[in-house]
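Worksheet: the structure to be examined is printed underneath.
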Amino acid sequence: MIKIIVDNKEISVRPGIRVIDALRENGIEVPSMCYMTGIDHFTSCMVCLVRDGKTGNFYPSCSHMVEEGMVIISEDEEVRESRKIALELLLSEHVGDCEAPCQIACPAHMNIPLMNRLLAEGKFDEALRVVKQDIALPAVLGRICTAPCEGACRRRTIDEPVSICLLKRFAGDHDLAGDRKYLPFRESPKNKRVAVIGAGPAGLSAAYYLSVRGYDCEVYDRNRMPGGSLRKEVDAAVLPEEVLDAEIQVIRDLGVTFHQDIRVDAERFRELHGHFDAVLIAAGNHNDEYGKWGLNTVRTGLETSGDTFRIGDTGIFAVGSALRPTRLAIRALGQGKEVAFSIDQLLTGRQVTGEPFLFNSRFGKLAPEEFEEYLKESVPDARVAVSHNRGFSREEVIREAARCMHCDCRGIPDCKLRIYADQYGASQKRFGSDSRKLVGKQIQHDAVIFEPSKCIKCGICVRLTSAHKEEFGLTFIGRGFDVEVGVPFGESLKKGLRKVALKVADACPTGAISRKV
Amino acid sequence: MSTDLSYIDAIVESLGKEQRYVIPILQSIQKRYNYLPEDALRRVCELTEITPAQIVGVASFYAQFRFKPAGKHLIKVCVGTACHVKGSEQVFDALKRALNLKGNADTTDSGSYTVEKVNCLGCCTLAPVVQIDSITYGHVTTGQVGNLIRDFEEQKDTTGKKRFRNAEGEEIEGEIRIGLGSCCVASGSEEIRKAVLDSIERNNLNVKLKHVGCVGMCHQVPLVEIVPLNREPFLYSKVQAADVEQIISKHFQPKGFLRKTGFRLLNLLDTFLDDSRWEGIQRYALDTREKHVSSFLGKQKPIATEFRGQINPVDMEEYRERGGFTALQKYILNGDPSRIIDELKRSGIRGRGGAGFPTGKKWELVAARKSDRKYVICNGDEGDPGAFMDRMLLESYPYRIIEGIIIAGYATGADEGFFYIRAEYPLAVSRVQTAIDRCYEEGYLGENILGTGFRFNLSIYQGAGAFVCGEETALIASIEGNRGFPRIRPPFPADKGLWGKPTLVNNTETFAQIAYILRHQSDSFNSIGTSGSKGTKVFALAGKVARGGLIEVPMGITIREVVMEIGGGIANGRAFKAVQIGGPSGGCVPSWLADTPIDYESLSEVGAMMGSGGLVVLDDTDCMVDIAKYFLSFTQNESCGKCTFCRIGTKRMLEILEKITEGNGQESDLETLEVLAEWTRKGSLCGLGKTAPNPVLSTLKYFREEYMAHINGTCPTGKCKDLIKYYITEDCIGCTLCAQSCPADAIAFKPLERHVIDTERCIKCDSCRQVCPENAVITR
């Protein structure tokens, strides 16, 4: 063993290993994308930079061997900045979406492309499960949502957006029509109680997700029936009461107790605050009342801190119109889901940070040349027409869902670029350029899809195909900024990846080459 | 399409089937087919160990290789620094217009011409330069490109008609020396050589014609030196073939007449020394002791360029007569390699490639390694725009460099050496090859050198056009048959170099100084220069000086002395603004810091760098933002693309500079530029990326107000096309030259009236300004 000094602490490491491995073996996280054991070494991504404590110079920790007496700074502001800038440079030429624009536009952040794929395959139950991860009342919302997602749908630039809202409604209706309605898996009971004041969209959503997280949840509502504005302000012809009741019944079935006809005043509020582990205010915009409860308000509503929906450092939270008047039910629903996350953080003794929003790579509008690329995984058919009252039939759903162009990235689950960008707070725009590469999708391979515009030129695939003696494999073509990775002689990806397609897809640190699934 | 592939089988057979031969194989294929046909490459993969991934990866990395057939004639537009500041971009555009090439097209539909930019043709003093096949045109203006192509069409078939016989007599009346350096050749010395031979033959003279390498007076080329026996030599500059007969007859006839002529012509010198035009220049005799010329040579100290202009590059006897190979002989017979290293360490010599690592120490490191094989590499992969020192040294002093390499082999325990020379330097390649062959014949190379049992083999490896291969690890990757990707050091090549063996890599100029140091003892070298930088440095002096050329100066000389005394000050009476030292890795030193001594430390203190030795002088008409953009676009284009900071950082910096020079910049762009510059410097893998921001950082430091001016919408020097308009002043005499030269019909033809430019139509090609005899065309 040899001794090195890392961040002012002496540690013993095995001789003959790389600095990055020595650090990682000692529990120090070092990001890296181009480094992979078992293939030739290649210094490319530069996100593993560390600083030499003696000279102040930066070097990639994957490319130096440990030496006795080395002094390494692996983590300080400057090192973080160096990695952040490397990531920002990579992001500036990384053309692709992480999450699809529709998902980002959705205030509840629903995984729309996944729902579409399942619907297109006729897997309606699975589709519903995906929907319900983010939207507690899909049949309701499927009738009243203003669908910001469809405004962001890339299909819009080609013809008309996918009818996302109606697809979601179908998933909800299909579930309600069945014998056994879907009940999500409930985490084991936390033995903690949460009071929710108000049974409108925000309160209902919060109650649903708090219950899923294992909390005993009681809803206090001043109306005779739960539903709040959904019941009082929406025309029954648009949203029949039985649909609303059916979806609320699911929430009851999850174990949520509803106390109706109860007007919470200052005294009642203090009581709830005393009896429950946390209290959520989702009772609409009543500033005067909240003032009497001893809570701070600003012009728009209750004052909460940041994205946590928490009032100060209390156990009181607030969402929906209580914060800021909104007529957008989906936003209230989304907040209900998010606050459940914050409350869970508080009641499990963690720091309350709110639900994290991961970094998203985005590139803006599609260029006309890209329409064809996106249609490769879709159908050219026009939007399926439907009258809003009836909703889609099974056949229509399958046809319409097939129109989705799957703008989301397949590499999301293990994309290192995204994970590090998030960790280091990198901005894709900081070194953004006016010109960008065009997105291309090579889909002819059975097992993998190749999107060169996402490639960060780390060369792992080039080295893997060479190590496994692929006849053609992949190679760097050109040099400098314009270098590309491709199959030599313009051969097909099928020919290039005969042996190690899946290995390559799994090793690709971003979504340039991914499994088709 | 099918290609006759039997040739492929033959070259594979002769070159070899291992992966390391991929570049020589590709070079042979391209030589044969004029490009790389895909079926030829596939055939290579069938026949050899080379894989499709390797051959495509390598072929697409190096600029030399083409995947589409090139035209019958290749037009190379030099865009080196000196040419750039004299308007080569506009010449390139004009050529494309003349050949009707739109967009990215580089080859005419008929397949007659391919036009391309090259980084440096090494004729900086003739800037801007265009080369069509083997004919070089200097001082090209945008208006002349039509004539240029016409002239080439007339000239192309006229070569090789006459045969010349060399005149060798028992009694030699004298010697005629003709410069055969690239500048001289480019300016027409080959024509003169023929005219001299013709004249010698016709007049039956017993005069010896001698070819000499570069004299370093490139601003005066072509040079002819007449050396009558037992009399003073006379040097003629800017000689034209038609003058040869007259010159020769003067010298080899009764004297008296001669001196008079020489005198009269000398008085005219000042007028013509600025070599601003090539047409209408007569020949002028220069006496080397005359004031201007002696100052051109006076402060210089030739070591790498010792005996410049006096020896025939490939004549081994002449090299030996002047002490050649005595250093090798002395130290090799002495039998103690460590004494060589001690002597070098005492001399204080540091690597001339730019970084300045102590040479003796480097040799010592390699010598100390125990290994079955060791290698020596001479790095002649000069690629800086505006630098041609290596080329000149290789062309003019091949034996001197070879001697240095053999000594290095002996001192370090290596038994094999490689010259890495750019394939774009064919003359250097052939001269060095001739010299290597002679050395084998004479026993300086081979199995048993000078009977001592020391074995050393030396061969040439031709680089395929990648600036990054000047970086030693990239150079090694290239010799091994890979893309020229540099790698992190350590391990240094001294530990793990070529094929994993200890390898000594030195710059050409470094090797050129070794024999001198050992022959004259270290003190002779040590006594020149400053405390940290010993000896001399060769520079390519170009740009806006009155006299440009190759110079070798003692370390510690100030920038001012070089510009004002050696370079004769700024041409055309303009004001001295800055010097750009060190090429794309270097920086701009403003005129107010001109008293900075030229040594490694002082230059880096002011934000420049010794680099490999480009020294471009800028005057008050040069735009510093444009200069920064120029150098950055060079490095950006030459980035290998391996590491993030260089690949993307240089690109983003360039985009910002383009935005600024197009008038779309904002003040916040400067901050982003600085952040990018700082981190590209700190974070890049190799020297190319680490130094690429220097031109930007140094201009931002000294000329920030020029950046601000662009951001506010004006280019103070009127260089940036998007920020200027052409305009004709009242000085116009109505000569119509501008209207005639305008390719865009933006100037109406109005004899004897003041002309007017239609700025909507104007394409800013600069033709009108160049032809105007009254300087009435201005930009604003």
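Each protein sequence line maps, in turn, to chains V and U.
Using the numbering used here, the first residue of the first sequence is number 824, and each one after it goes up by one.
Using the numbering used here, the first residue of the second sequence is number 3, and each one after it goes up by one.
For each residue, glycine too, the CB sits at the ideal point set by N, CA and C.
Here the structure is a predicted model, which is why all the values come from computation and not from measurement.
Rounded separation between residue i and residue j - CA only
i: F154 (chain U); j: C85 (chain U); result: 21 Å
i: G1234 (chain V); j: C1284 (chain V); result: 15 Å
i: V842 (chain V); j: R906 (chain V); result: 16 Å
i: C767 (chain U); j: Q92 (chain U); result: 6 Å
i: A496 (chain U); j: Y399 (chain U); result: 27 Å
i: N121 (chain U); j: C80 (chain U); result: 6 Å
i: T538 (chain U); j: R352 (chain U); result: 10 Å
i: A1244 (chain V); j: R649 (chain U); result: 19 Å
i: G1346 (chain V); j: R992 (chain V); result: It is not possible to answer for residue 1346 (chain V), since the shown part of chain V is limited to 824 through 1340.
i: I57 (chain U); j: V46 (chain U); result: 9 Å
i: C737 (chain U); j: A197 (chain U); result: 38 Å
i: Q157 (chain U); j: K332 (chain U); result: 51 Å
i: D277 (chain U); j: M566 (chain U); result: In this prediction, D277 (chain U) scores a pLDDT of 31, lower than 50, which makes its location untrustworthy; the coordinate-derived value is nonetheless stated afterwards. Looking at the two C-alpha atoms, the distance is approximately 17 Å.
i: I438 (chain U); j: K70 (chain U); result: 35 Å
Status (buried if at least 16 other CB within 10 Å, exposed otherwise) for residue i
i: Y442 (chain U); result: exposed
i: F1081 (chain V); result: buried
i: E192 (chain U); result: buried
i: N205 (chain U); result: exposed
i: L1261 (chain V); result: exposed
i: L754 (chain U); result: exposed
i: K877 (chain V); result: exposed
i: T866 (chain V); result: buried
i: N777 (chain U); result: exposed
i: Y518 (chain U); result: buried
i: S480 (chain U); result: buried
i: E281 (chain U); result: Only weak support is given to the placement of E281 (chain U): the predicted model assigns it a pLDDT of 32, under 50, and the value that follows is read from those uncertain coordinates. Burial call: exposed.
i: T1123 (chain V); result: exposed
Per-residue DSSP class, three states only, for residue i
i: F327 (chain U); result: coil
i: R1133 (chain V); result: strand
i: G558 (chain U); result: coil
i: N786 (chain U); result: Residue 786 (chain U) is absent from the structure shown; chain U starts at 3 and stops at 782.
i: S136 (chain U); result: coil
i: C380 (chain U); result: strand
i: D948 (chain V); result: helix
i: V226 (chain U); result: strand
i: C80 (chain U); result: strand
i: D628 (chain U); result: helix
Test: residue i CB closer than 8 Å to a CB of chain B
i: N639 (chain U); result: No chain B appears in this structure, whose protein chains are V and U.
Spell out a yes or no on whether the segment 39-49 of chain U and the segment 445-463 of chain U are touching, meaning 3 or more CB-CB pairs, one atom from each, closer than 8 Å. no
Should the segment 906-922 of chain V be regarded as contacting the segment 1220-1234 of chain V, the criterion being three or more beta carbon pairs within less than 8 Å? yes
How about the segment 1134-1145 of chain V and the segment 1094-1109 of chain V: do they share at least three Cβ pairs that are nearer than 8 Å? yes
Near-chain U residues of the segment 905-932 of chain V (beta-carbon distance less than 7 Å), N- to C-terminal order: S905, I908, A909, L912, L913, S915 and E916
Touching or not, the segment 1003-1020 of chain V and the segment 960-980 of chain V, by the rule of three or more beta carbon pairs under 8 Å? no
Three CB pairs or more closer than 8 Å across the segment 557-567 of chain U and the segment 630-646 of chain U: no
With a cut-off of 8 Å, do at least 3 Cβ pairs link the segment 682-694 of chain U to the segment 717-737 of chain U? no
Residues of the segment 1298-1316 of chain V in Cβ contact with chain U at a cutoff of 7 Å, in chain order, please. T1298, F1299, I1300, G1301, R1302, G1303, F1304, V1306, P1311 and F1312
Chain V contacts from the segment 684-696 of chain U (Cβ-Cβ distance under 9 Å): K684, G685, S686 and L687
Which residues of the segment 40-53 of chain U have a Cβ closer than 8 Å to any Cβ of chain V? Give them in chain order. E40, L43, R44 and T53
Below 8 Å between beta carbons is the criterion; list the residues of the segment 863-887 of chain V that meet it against any residue of chain U, in chain order. F865, T866, S867, C868, M869, V870, L872, N880, F881, Y882, P883, S886 and H887
Across the segment 367-383 of chain U and the segment 502-512 of chain U, are there enough close Cβ pairs to call them in contact, namely three or more that are closer than 8 Å? yes
Counting pairs of Cβ atoms below 8 Å between the segment 1018-1037 of chain V and the segment 1142-1153 of chain V, do you hit three or more? yes
Could you list the residues in the segment 640-653 of chain U with a C-beta less than 9 Å from some C-beta on chain V, going in chain order? E640, S641, C642, G643, K644, C645, T646, F647, C648, R649, I650, G651, T652 and K653
Take every Cβ of the segment 587-598 of chain U, pair it with every Cβ of the segment 685-705 of chain U, and state whether three or more of those distances are shorter than 8 Å. yes
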